[in-house]
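Visitor:
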Ligand SMILES: NC(=O)c1ccc[n+]([C@@H]2O[C@H](COP(=O)([O-])OP(=O)(O)OC[C@H]3O[C@@H](n4cnc5c(N)ncnc54)[C@H](O)[C@@H]3O)[C@@H](O)[C@H]2O)c1
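In this note's numbering, the protein residues as written are 119 to 389.
1. Taking the alpha-carbon of residue 158 as reference, which of 186, 132, 269, 347 has the nearest alpha-carbon?
2. So which of 192, 256, 228, 257 has the shortest CA-CA distance to residue 277?
3. Say yes only if the C-beta of residue 179 is nearer than 7 Å to one or more non-hydrogen atoms of ligand 1, and no if none qualify.
4. Assuming residue 265 and residue 283 are in contact, meaning their beta carbons sit under 8 Å apart, how far apart are those beta carbons, in whole angstroms?
5. On a Cα-Cα basis, can you pick out the residue from 169, 178, 297, 307 that is closest to residue 383?
6. First and last residue of the beta strand (DSSP E) that includes residue 128?
7. From residue 155 to residue 182, what does the alpha carbon distance come to, in whole angstroms?
8. Return yes when the C-beta of residue 263 is under 7 Å from any heavy atom of ligand 1, and no when it is not.
9. Write down the C-beta distance between residue 82 and residue 238 rounded to the nearest angstrom, noting that I regard them as a contact closer than 8 Å.
10. Quick one: Cα of residue 253 to Cα of residue 369, how far?
11. For residue 375, which residues from the same chain have a beta carbon less than 6 Å from its beta carbon, with the 5 sequence-adjacent residues on both sides left out?
12. Any contact of the segment 310 to 323 with the segment 336 to 349, i.e. 3+ C-beta pairs under 8 Å?
13. Nearest-angstrom Cα distance between residue 346 and residue 385?
14. Which runs of the beta strand (DSSP E) at least 3 residues long sit entirely within the segment 126 to 170? Give them in chain order.
15. Can you look up residue 256 in the DSSP assignment and give me helix, strand or coil?
16. Using only the alpha-carbon positions, how far apart do residue 289 and residue 329 sit?
17. With a threshold of 7 Å (Cβ to nearest heavy atom), would residue 308 be considered close to ligand 2?
18. Quick one: is residue 224 buried, meaning 16 or more other Cβ sit within 10 Å of its Cβ, or exposed?
19. So the candidates are 273, 207, 177, 147; which of them puts its Cα closest to the Cα of residue 171?
20. CB-CB under 6 Å to residue 293, same chain, minus the five flanking residues each way: which ones, in chain order?
21. Where does the unbroken beta strand (DSSP E) through residue 173 begin, and where does it stop?
This is the structure in structure tokens:
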């Protein structure tokens with residue numbers, strides 16, 4: 119119960135990685151506030167963690183909405199100690215995976231990716247900082263991606279947005295150190311959440327050699343090819359690392375960018 123008495127905000131915590139993070143923080147004793155576009159799913163996930171946890175409907179890519187949600191968290195939970203900026207994801211419009219190369223990326227798709235992955239982090243962080251400062255210490259964990267560490271030719275806007283999240287992490291780690299607010303980024307590798315479930319199912323349906331396979335088998339083929347450890351990563355892997363970074367055990371760590379990817383970025387770097 120190393121996080122007992124603390125309050126954590128998890129953006130995009132209604133499902134996928136965010137839900138795993140919320141579960142791990144609650145397991146370690148934190149009271150969790152889930153902020154998600156999908157208010158019903160946020161309330162359901164919070165309820166699943168126990169009565170003290172809260173789910174709030176909010177679009178955290180908008181500064182005003184994010185700010186109102188942060189106020190509501192403090193009103194309902196009494197304080198705020200940790201902010202996990204997890205809301206984000208890839209999107210087809212900005213991806214060249216199924217279409218033309220970079221020059222074919224639509225401006226609209228580019229802007230959507232920046233709003234989904236970068237403005238969410240900007241708006242949530244900006245509106246949470248004054249609440250974190252009230253505790254005279256705090257932790258911000260940004261969920262970036264390996265796509266922000268290595269070239270991302272199939273998803274250039276997503277990669278660029280996540281690289282910017284990594285840059286912001288390091289900048290804020292320096293700016294907020296004087297307030298004892300530690301800032302980190304976790305870069306997940308391959309997780310079988312919503313986006314990969316859709317993608318693997320599309321690959322499976324479109325390829326005769328995968329006709330008798332389950333979409334998860336198709337996903338695991340990709341994992342084995344790209345990951346030295348040969349294992350998929352899970353929301354709990356990300357959640358356990360986030361819980362450690364939030365804990366006092368990590369009080370001398372800040373500005374770290376951690377690839378939780380089974381070694382995939384090493385493999386890319388190694389050719
Ligand atoms: N799944 C992977 O393989 C993978 C790999 C690397 C990084 N990531 C990153 O991990 C994070 C979570 O990914 P996931 O796979 O769990 O995604 P997901 O789509 O399963 O869940 C994302 C959640 O965020 C919410 N959300 C989206 N925009 C929001 C907004 N503006 N305001 C509030 N909530 C919003 C959605 O409603 C959803 O509940 C993302 O930042 C993603 O880029 C995922």
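For each residue, glycine too, the CB sits at the ideal point set by N, CA and C.
Guide: On the basis of the coordinates in this document:
1. Considering only alpha carbons, the answer is 132.
2. It is 228 whose Cα lies nearest to the Cα of residue 277.
3. Indeed, a heavy atom of ligand 1 lies less than 7 Å from the Cβ.
4. 10 Å between Cβ atoms; not a contact.
5. Nearest C-alpha to residue 383: 307.
6. That run of the beta strand (DSSP E) goes 125 to 129.
7. Roughly 14 Å between the two C-alpha positions.
8. Checking every heavy atom of ligand 1 against the Cβ of residue 263, one is found closer than 7 Å.
9. Past the boundaries of the shown model lies residue 82; the chain is included only from 119 to 389, so the question cannot be answered.
10. Taking the straight line from one Cα to the other gives about 15 Å.
11. 284, 303, listed in sequence order.
12. The segment 310 to 323 vs the segment 336 to 349: in contact.
13. Distance between the alpha carbons of residue 346 and residue 385 is about 7 Å.
14. Whole beta strand (DSSP E) segments, 3+ residues: 149 to 154.
15. Three-state result, residue 256: strand.
16. C-alpha separation (whole angstroms): 48 Å.
17. Although ligand 2 was asked about, the structure shown includes only ligand 1 as ligands.
18. The residue in question, residue 224, is exposed, as its Cβ has fewer than 16 Cβ neighbours within 10 Å.
19. Considering only alpha carbons, the answer is 147.
20. In its own chain, leaving out the 5 sequence neighbours on each side, no residue places its CB closer than 6 Å to the CB of residue 293.
21. First-last of the beta strand (DSSP E) with residue 173: 172 to 175.
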